[in-house]
Amino acid sequence: MLDSDGFSKKNGIFDPRQNGFRRHRSTTNSLHNIQEEIHLTLEAKQIMCLIALDISKAYDTTWRPRILKILSNTICNGNLFNFVKSFLTDRTFQVKFNDKLSKIYVQN
54 MLDSDGFSKK NGIFDPRQNG FRRHRSTTNS LHNIQEEIHL TLEAKQIMCL IALDISKAYD
114 TTWRPRILKI LSNTICNGNL FNFVKSFLTD RTFQVKFNDK LSKIYVQN
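The sequence shown runs contiguously to residue 161 in the working numbering.
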């Protein structure tokens, strides 16, 4: 794991809003952020949609086509379904180290 007070912090690896894998941050911080967003949305009389999908430590073993099938058979459709689908399919990544990028890897 990267040291959030060292290399990763110095090199801006984590988004400032990320709480996972960060020293002195936890699920409580994430829940507080969600609560604040809900409060602001209600004050502005807007509509909010929250999706909570915990696939930590399971992404590589999750049967993504089954998740999409279940979602498509429920009320989850349209933009919401497309958003989840875009997260679960056609994933690629690169590793950057010393200002050099690796080749693009496909994660199926």
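Cβ coordinates follow ideal geometry from the N, Cα and C atoms, glycine included.
I'd like to check one pair, residue j with residue i: are the Cβ atoms closer than 8 Å?
i	j	result
threonine 142	glutamine 160	no
asparagine 87	leucine 103	What sits at residue 87 in the sequence shown is isoleucine, not asparagine. Yes, Cβ-Cβ distance for isoleucine 87 and leucine 103 is below 8 Å.
So residue i packs on residue j, CB below 8 Å; how close in whole Å?
i	j	result
glutamine 147	serine 155	5 Å
serine 125	phenylalanine 136	That belief does not hold up - the Cβ atoms of serine 125 and phenylalanine 136 are roughly 13 Å apart, past 8 Å.
asparagine 82	asparagine 72	4 Å
If you run the structure through DSSP and keep just helix, strand and coil, what is residue i?
i	result
leucine 154	strand
glutamine 160	strand
threonine 114	helix
Using a Cβ-Cβ cut-off of 7 Å (strictly less than) and excluding sequence neighbours within five positions of residue i, which residues of its own chain qualify?
i	result
methionine 54	Residue confidence is low: methionine 54 scores 46 on pLDDT, short of 50, so the model does not pin down where it sits. Its coordinate-derived value is still stated next. For methionine 54, where only same-chain residues beyond five positions count, the Cβ hits under 7 Å are Phe74.
isoleucine 91	Met101
Please list, in chain order, all residues of the same chain as residue i whose beta carbon is under 8 Å from its beta carbon, the five residues on each side excluded.
i	result
isoleucine 157	Thr145, Phe146 and Gln147
lysine 149	Ser155
isoleucine 100	Thr94
Starting from the N-terminal side, write out each stretch of the alpha helix (DSSP H) that is 4 residues or longer and does not extend beyond the segment 118-149. 131-141
Which runs of the beta strand (DSSP E), 3 residues or longer, sit entirely within the segment 70-103? If we require 3 residues or more, the segment 70-103 turns out to have no beta strand (DSSP E) run fully inside it.
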